[in-house]
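Position one of the sequence shown corresponds to residue 30 (the numbering used here), numbered consecutively onward.
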Amino acid sequence: MAALNWTGGKEHEEQYTMAEFVEYMSSNLLILPSNPENHNVFWFKEAGGDGHPPPAAVLPPQAQPAMFINQAEIRDRIKLGLQSLAWFFWESVLIQFWELSISDGQRFLTTSSQPFALKRLFKGLSWYRKQCTNHRVAVEEGAKAEELGPLGRVFLNGQPESSPDVRFYSIKEYPLRTTL
């Protein structure tokens with residue numbers, strides 16, 4: 030997961046209503062029930078589905094491998110993690126779940142169709158979320174730290190990294206910075 034704390038200027042303080050936000054983001058966006066502090070967690074419907082992952086298995090429990098993990102349980106844990114992280118931040122924050130995907134033999138992190146949380150529905154953060162869905166982060170072993178950027182470093186090193194402002198990273202190190 031990655032978090033972006035938003036302290037943008039006045040031009041970024043305008044907020045969407047929930048209906049405007051859902052229309053702006055995607056028609057297949059689901060809103061998971063939020064708590065009173067407005068820690069909104071969003072999920073995407075799967076093609077032809079209701080947005081919930083398929084049942085864990087068609088095998089009886091005693092026939093399931095011990096390592097099998099229930100997808101609904103994973104979804105619930107991700108949701109809880111997103112809500113908990115959103116609560117931790119005082120100001121507005123975007124928290125995104127990045128998935129590892131492989132394309133043409135290369136490994137990438139992508140946030141497209143992945144769950145995310147917004148503490149407030151600021152238009153600036155909403156726009157940034159949309160930009161992230163069109164961006165892939167290469168995570169190849171042996172790449173230089175600057176080539177990986179913060180997301181790739183966190184993924185490959187398995188260690189958290191934080192910055193009070195992503196604008197502290199160089200454009201080369203964090204290309205998405207140019208969208209802010």
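C-beta: ideal position from N, C-alpha, C; glycine also.
Being a predicted model, the structure only gives us computed values, none of them experimental.
- Query: So, using beta-carbon positions, are VAL195 and ARG182 closer together than 7 Å?
  - Reply: Here the question's residue 195 lines up with position 166 in the sequence shown. Here the question's residue 182 lines up with position 153 in the sequence shown. No. Outside cutoff.
- Message: Taking the beta carbon of LEU88 as the centre, do at least 16 other beta carbons fall within 10 Å, making it buried, or is it exposed?
- Response: As a first step, residue 88 is located in the sequence shown; it is residue number 59 there, counting from the start. In this prediction, LEU88 scores a pLDDT of 40, lower than 50, which makes its location untrustworthy; the coordinate-derived value is nonetheless stated afterwards. By the 10 Å Cβ count, LEU88 comes out exposed.
- Message: Using the three-state DSSP reduction, which class does THR162 fall into: helix, strand or coil?
- Response: As a first step, residue 162 must be located in the sequence shown, where it is residue number 133. Note: THR162 maps to helix in three-state DSSP.
- Message: Does GLY134 pass the burial test, meaning 16 or more other C-beta atoms within 10 Å, or should it be called exposed?
- Response: As a working note, residue 134 is residue 105 in the sequence shown. So GLY134 ends up on the exposed side.
- Task: Could you check the C-alpha separation between GLN100 and GLU128 for me, to the nearest Å?
- Result: For the purposes of this step, residue 100 is taken as residue 71 along the sequence shown, with counting starting at 1. For the purposes of this step, residue 128 is taken as residue 99 along the sequence shown, with counting starting at 1. Going from the Cα of GLN100 to the Cα of GLU128 covers about 15 Å.
- Query: From PHE126, SER199, VAL122 and PHE117, pick the residue whose C-alpha is nearest to that of PRO144; which is it?
  - Reply: Within the sequence shown, numbered from 1, the residue matching residue 144 stands at position 115. The option with the nearest alpha carbon to PRO144 is PHE126.
- Message: With distance defined between alpha-carbon atoms, name the residue in SER192, LEU114, LYS159 and SER191 nearest to SER141.
- Response: Counting from 1 along the sequence shown, the entry for residue 141 is found at position 112. Out of SER192, LEU114, LYS159 and SER191, LYS159 has the C-alpha closest to the C-alpha of SER141.
- Exposed or buried, what is SER130 when buried is set at 16 or more other beta-carbons lying within 10 Å of its beta-carbon? Counting from one through the sequence shown, the residue named residue 130 turns up at place 101. That one is exposed.
- Determine the direct distance from the alpha carbon of LEU114 to that of GLU120, and round the result to whole angstroms. Residue mapping note: residue 120 aligns to position 91 of the sequence shown, counting from 1. Residue mapping note: residue 114 aligns to position 85 of the sequence shown, counting from 1. One C-alpha to the other measures close to 12 Å.
- Item | Closest by C-alpha distance to SER132, when choosing among ASP105, VAL166 and SER155 | Sequence index remark: in the sequence shown, residue 132 carries index 103 (1-based). For SER132, the nearest C-alpha among the options comes from VAL166.
- Message: So ASN69 and LEU180 are supposed to be a Cβ contact under 8 Å. How far apart are they, rounded?
- Response: Along the sequence shown, read from residue 1 onward, the residue named residue 69 stands at position 40. Along the sequence shown, read from residue 1 onward, the residue named residue 180 stands at position 151. Not quite, the Cβ-Cβ distance comes to about 22 Å (not below 8 Å), so this is no contact.
- Query: Any idea if PHE197 is buried or exposed, counting beta-carbon neighbours within 10 angstroms, 16 or more meaning buried?
  - Reply: The residue you call residue 197 lines up with position 168 of the sequence shown. Answer is exposed; the Cβ neighbour count stays below 16.
- If you follow the beta strand (DSSP E) that VAL122 is part of, which residue opens it and which one closes it? Locating residue 122 in the sequence shown gives position 93, where the first residue counts as 1. Note, VAL122: beta strand (DSSP E), 121-125.
- In three-state DSSP terms, what is ILE103? Indexing the sequence shown from 1 puts residue 103 at position 74. Of the three classes helix, strand and coil, the one that applies to ILE103 here is helix, per DSSP.
- Mark ILE60 as exposed unless 16 or more other C-beta atoms lie within 10 angstroms of its C-beta, in which case mark it buried. As a position in the sequence shown, residue 60 is number 31, starting the count at 1. That one is exposed.
- Query: When the Cα atoms are used, what is the spatial distance from SER191 to PHE184?
  - Reply: Taking the first residue of the sequence shown as position 1, residue 191 is located at position 162. Taking the first residue of the sequence shown as position 1, residue 184 is located at position 155. Cα-Cα distance, rounded: 13 Å.
- Message: Taking only three categories from DSSP, how would you classify PHE50?
- Response: Numbered from its first residue, the sequence shown carries residue 50 at position 21. PHE50 falls in the helix class under three-state DSSP.
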